[in-house]
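Here the sequence shown is numbered in my numbering, starting from 835 and rising by one per residue.
Beta carbons are placed, not taken as given, at the ideal position from N, Cα and C, and that holds for glycine.
Some notes on the structure that comes next.
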Amino acid sequence: GGTVSSNPNGGLDVNARLSKTIGDPNANVVGGVFAAGNTDGGPATRGAFLAANKDGHGLSLQHSKTDNFGSSLTSSAHANLFNDKTHKLDANAFHSRTHLDNGFKFDRVGGGLGYDHVNGHGASLTASRIPQLDMNTLGLTGKANLWSSPNRATTLDLTGGVSKHFGGPFDGQTNKQIGL
């Protein structure tokens, strides 16, 4: 699978992912690779991931490398809190360790809640902390499904998000995104 979205700084952001799932929707193991970049150039990111899921709960591990920047290893867990086949609410927690090419290393820990509707709409609220920078970030994202093929293999979605930093080098900074 993949996505293409415009970048306000120029070019198109292109993401590609190839994965293999073993098991069924209730109990499975997923592994794969991914790559991301921008059509105007700049560093590309590539990586691999592995996840195990059982009855709406799961664990995952992901490693990524960005050219001329650094690498990151992320472990995460998620748990389904509610699912009535129309509405779904999940919780997640994560820890990532980033090693920049300049030698600086830092951790990021956080968690959040995610809501999904059977028609493809959703929202999430996340909070994270980078202890080495004394920085906290709060984020809110949303997705509205505008069109879906009959089998839902193809969709057109409107996405958006906002995040705010508290403390650290980006104290008070607000970031906004919108995509189609």
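Counting the other Cβ atoms within 10 Å of the Cβ of Ile964 gives 16 or more, which makes it buried. By the Cβ neighbour-count rule, Asp924 is buried, with 16 or more other Cβ atoms within 10 Å of its own. The beta carbons of Ala869 and Thr855 sit about 19 Å from each other, so the pair does not count as a contact at 8 Å.
For Ser898, the closest C-alpha among the options Gly904, Gly881 and Asn914 is that of Gly881. Non-local C-beta neighbours of Gln1011 in its own chain, meaning closer than 6 Å and more than five positions away in sequence, comprise Gly995, ordered along the chain. According to DSSP, residue pairing for Asp968 in a beta bridge does not occur. Straight through space, the alpha carbons of Val863 and Asn887 are spaced by roughly 6 Å.
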